[in-house]
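Q: Mapping of the sequence shown onto the working numbering: residues 17 to 300, in sequence order. Structure below; questions to follow.
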Amino acid sequence: MRMKWGARTRNPMAKLTHAELKAHDRAMSLVASEKTLSSDDIIDVADGYHEGATHANSAHSAFFTPWDLAITFALEVPDGGRVLDLCAGIGVLSAAARVYHQHNGRHDFTLVELNPAYCEIARRLLPDATVICGSIFDPAVQAQLAGERFDFAISNPPFGARNTASGTGPRYTGRKQEYAVMDLAADYARAGAFILPLASAPRRPTDERKAPLDFAYDAYQKFVDETGIEILPNLGIDTSFADNLWRGTKIKTEIALCDFDAAHRRRLMTAFDDGDQRGLALAA
């Protein structure tokens with residue numbers, strides 16, 4: 017049953033501008049309608065829905081990907097195959113990939129999102145997708161995905177230390193949630209693309225390809241050592257245009273790529289060389 021949406025179901029404490037209120041109300045009106053959403057409608061909902069209108073989004077680090085960044089991110093998403101979207105929110109990344117590849121894409125999307133209200137909107141944006149409502153860190157959700165194999169994983173994960181939506185990865189033991197989500201994604205997908213804060217990415221999205229001054233090398237090296245996953249450069253996309261587009265926060269980000277199949281092989285080789293039976297079991 018579709019959730020009943022009211023045009024004014026907002027948190028009165030949210031400080032939205034008149035333009036933001038108008039865009040949010042239009043988005044909610046489209047969600048509540050019975051019409052099949054066109055590509056333009058999908059953009060209006062994905063871009064206009066304000067995550068701070070009805071929820072304390074900072075508690076879960078739920079800052080939705082700006083549409084302009086999401087449609088740019090879609091450059092890194094294959095034009096078909098099975099796609100797993102973790103910490104999906106209302107499905108902005110998946111919706112952008114579908115819009116971008118609408119003339120040649122053949123995707124089968126599976127989205128995982130903790131917030132039930134966001135899940136309902138994701139189902140409107142992507143009616144053919146599988147939407148799992150729960151935390152990717154929940155063993156019950158992981159059990160639903162057990163045995164599944166996806167061609168590609170995508171995510172704008174929670175950034176930084178653990179919060180109310182956080183958990184741990186199967187191998188990574190650090191506190192950076194973006195790394196924990198990537199570690200989990202490696203168990204289900206062959207490769208992936210992720211939006212990361214620059215402090216967690218080894219390269220800037222510029223021609224210089226330098227690590228930012230605040231790049232946390234030790235934390236990244238811990239992630240690589242424990243998971244075998246290395247962060248790879250993107251096509252050369254400079255995401256600095258989106259620095260001021262985030263709602264409720266301002267952060268510099270990068271689109272980071274991962275080859276999970278290669279990481280899997282590295283883990284197997286390391287465990288085999290070390291004679292580590294437990295490592296072999298985890299790598300498998």
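Each residue gets a CB set at the ideal place from its N, CA and C atoms; glycine is no exception. Model, not experiment: these values are computed from the prediction.
(1) Apart from the five residues just before and just after Leu-53, which ones in its own chain have a Cβ nearer than 6 Å to its Cβ?
(2) Check whether the Cβ atoms of Val-61 and Ile-152 sit closer than 9 Å, and answer yes or no.
(3) Using CA atoms only, rank isn't needed, just tell me which of Tyr-116, Ala-86, Thr-88, Val-128 is closest to Asp-101.
(4) From this set, Lys-51, Ala-215, Thr-126, Pro-213, which residue's C-alpha is nearest Arg-98's C-alpha?
(5) Can you give me the C-alpha to C-alpha distance between Asn-120 and Gly-96, rounded to a whole angstrom?
(6) Indicate whether the contact test is met: 3 or more Cβ pairs, each with one atom in the segment 183-202 and one in the segment 236-243, closer than 8 Å.
(7) On the DSSP letters alone, give me the boundaries of the beta strand (DSSP E) that Cys-149 sits inside.
(8) Can you find the residues in the same chain that come closer than 8 Å, C-beta to C-beta, to Ile-87, ignoring five residues on each side of it along the sequence?
(9) Roughly how many angstroms separate the alpha carbons of Phe-210 and Gly-163, rounded to a whole number?
(10) Assuming Ser-110 contacts Leu-142 (C-beta within less than 8 Å), just tell me the rounded distance between them.
(11) Rounded to a whole number of angstroms, what is the C-alpha to C-alpha distance between Leu-261 and Gln-160?
(12) Should Leu-130 go down as buried or exposed, given a rule of 16 or more other Cβ atoms within 10 Å for buried?
(13) Which runs of the beta strand (DSSP E) at least 3 residues long sit entirely within the segment 230-290? Give them in chain order.
(14) Determine the DSSP secondary structure at Ala-209, reduced to helix, strand or coil.
(15) Just the C-alpha distance for Asp-144 and Arg-122, rounded to the nearest angstrom, thanks.
(16) Helix, strand or coil for Arg-225? Go by DSSP, reduced to three states.
(17) Let me know the secondary structure DSSP gives Arg-122 once reduced to three states.
(18) Apply the 10 Å Cβ neighbour rule to Gln-118 and answer buried if 16 or more other Cβ atoms are within range, or exposed otherwise.
(19) Counting only the same chain and skipping the five closest in sequence on each side, list residues whose C-beta sits under 6 Å from that of Gly-185.
(20) To the nearest angstrom, report how far apart Ala-104 and His-34 are at their CA atoms.
(21) Residues bridged to Gly-97 by DSSP?
(22) Can you give me the Cβ contacts of Asp-275 inside the same chain, cut-off strictly under 6 Å, excluding the 5 residues immediately before and after it?
(23) I'd like to know whether the C-beta atoms of Gln-158 and Pro-174 end up nearer to each other than 9 Å.
(24) In the DSSP assignment, find the unbroken alpha helix (DSSP H) run with Ala-201 in it and report its ends.
(25) Please state if the CB of Pro-213 and the CB of Ile-271 are separated by a distance shorter than 9 Å.
(26) Would Leu-46 and Arg-139 be called neighbours here (beta carbons separated by less than 9 Å)?
(27) Over the uninterrupted beta strand (DSSP E) stretch that includes Ile-170, give me the two end residues.
(28) Can you list, in chain order, the residues of its chain whose CB lies under 8 Å from that of Gly-64, leaving out five sequence neighbours each side?
(29) With distances taken Cα to Cα, identify the nearest neighbour of Pro-94 among Lys-31, Asp-167, Asp-154, Tyr-134.
(30) Give the secondary structure of Glu-136 by DSSP, where H, G and I count as helix, E and B as strand, and everything else as coil.
A: With the structure as the only source:
(1) Position 37 of the sequence shown, counted from the start, is the residue given in the question as residue 53. Nothing listed; no residue qualifies.
(2) The residue labelled residue 61 in the question sits at position 45 within the sequence shown. The residue labelled residue 152 in the question sits at position 136 within the sequence shown. Annotated as distal: Val-61 and Ile-152, with beta-carbon spacing of 9 Å or more.
(3) As a working note, residue 101 is residue 85 in the sequence shown. When only C-alpha atoms are compared, the closest one is Val-128.
(4) Residue 98 sits at position 82 when you count from the first residue of the sequence shown. Proximity to Arg-98 across Lys-51, Ala-215, Thr-126, Pro-213 peaks at Thr-126, based on C-alpha coordinates.
(5) Here residue 120 corresponds to residue number 104 of the sequence shown, with the count starting at 1. Here residue 96 corresponds to residue number 80 of the sequence shown, with the count starting at 1. The alpha-carbon separation between Asn-120 and Gly-96 amounts to approximately 8 Å.
(6) Contact between the segment 183-202 and the segment 236-243 is present, with at least three C-beta pairs closer than 8 Å.
(7) Position 133 of the sequence shown, counting from 1, holds the residue named residue 149. Its beta strand (DSSP E) spans residues 146-149.
(8) Numbered from 1 along the sequence shown, position 71 holds the residue referred to as residue 87. Excluding the 5 residues flanking it on each side, Ile-87 has same chain C-beta neighbours closer than 8 Å at Ala-112, Val-115, Tyr-116, in chain order.
(9) Within the sequence shown, numbered from 1, the residue matching residue 210 stands at position 194. Within the sequence shown, numbered from 1, the residue matching residue 163 stands at position 147. If I take the Cα positions, the gap works out to 22 Å.
(10) Numbered from its first residue, the sequence shown carries residue 110 at position 94. Numbered from its first residue, the sequence shown carries residue 142 at position 126. Confirmed, about 6 Å.
(11) Sequence index remark: in the sequence shown, residue 261 carries index 245 (1-based). Sequence index remark: in the sequence shown, residue 160 carries index 144 (1-based). Taking the straight line from one Cα to the other gives about 35 Å.
(12) For the purposes of this step, residue 130 is identified with residue 114 of the sequence shown, where counting begins at 1. Its Cβ being crowded by 16 or more others within 10 Å, Leu-130 is buried.
(13) Scanning the segment 230-290 from its first residue to its last, the whole beta strand (DSSP E) runs of 3-plus residues come out as 269-275.
(14) Counting from 1 along the sequence shown, the entry for residue 209 is found at position 193. Per DSSP, reduced to three states, the secondary structure at Ala-209 is strand.
(15) Counted from its first residue, the sequence shown places residue 144 at position 128. Counted from its first residue, the sequence shown places residue 122 at position 106. Using only the alpha carbons, I get a separation of about 12 Å.
(16) As a first step, residue 225 must be located in the sequence shown, where it is residue number 209. In this prediction, Arg-225 scores a pLDDT of 44, lower than 50, which makes its location untrustworthy; no coordinate-derived value is stated.
(17) Here residue 122 refers to the residue found at position 106 when the sequence shown is read from its first residue. The answer is strand: DSSP assigns Arg-122 an E or B state.
(18) On the sequence shown, position 102 is the one that residue 118 refers to. Exposed: under 16 other Cβ atoms inside 10 Å.
(19) Looking up residue 185 in the sequence shown gives position 169. Answer for Gly-185: Ala-196, Asp-199, Leu-200, listed in chain order.
(20) The residue labelled residue 104 in the question sits at position 88 within the sequence shown. The residue labelled residue 34 in the question sits at position 18 within the sequence shown. Straight-line Cα distance between these residues: approximately 27 Å.
(21) Your numbering for residue 97 matches position 81 in the sequence shown. BP columns for Gly-97 point to His-123.
(22) Translated into positions along the sequence shown, residue 275 becomes position 259. Excluding residues within five positions, the ones whose Cβ falls inside 6 Å are Ala-207.
(23) Taking the first residue of the sequence shown as 1, we reach residue 158 at position 142. Taking the first residue of the sequence shown as 1, we reach residue 174 at position 158. Not closer than 9 Å, so no.
(24) One-based indexing of the sequence shown puts residue 201 at position 185. Where Ala-201 is concerned, the enclosing alpha helix (DSSP H) stretches over 193-201.
(25) For the purposes of this step, residue 271 is identified with residue 255 of the sequence shown, where counting begins at 1. For the purposes of this step, residue 213 is identified with residue 197 of the sequence shown, where counting begins at 1. If you check the CB distance, Ile-271 and Pro-213 do not come in under 9 Å.
(26) The sequence position of residue 46 within the sequence shown is 30, counting from 1. The sequence position of residue 139 within the sequence shown is 123, counting from 1. Going by C-beta atoms, Leu-46 is not nearer than 9 Å to Arg-139.
(27) As a working note, residue 170 is residue 154 in the sequence shown. In the DSSP annotation of this structure, the continuous segment of the beta strand (DSSP E) that includes Ile-170 starts and ends at 168-171.
(28) In the sequence shown, residue 64 corresponds to position 48, counting from 1. Contacts found: Ala-39, His-40, Arg-42, Ala-43.
(29) Here residue 94 refers to the residue found at position 78 of the sequence shown. The candidate whose alpha carbon is nearest that of Pro-94 is Asp-167.
(30) In the sequence shown, the residue the question calls residue 136 occupies position 120. Secondary structure at Glu-136: helix, using DSSP grouped into helix, strand and coil.
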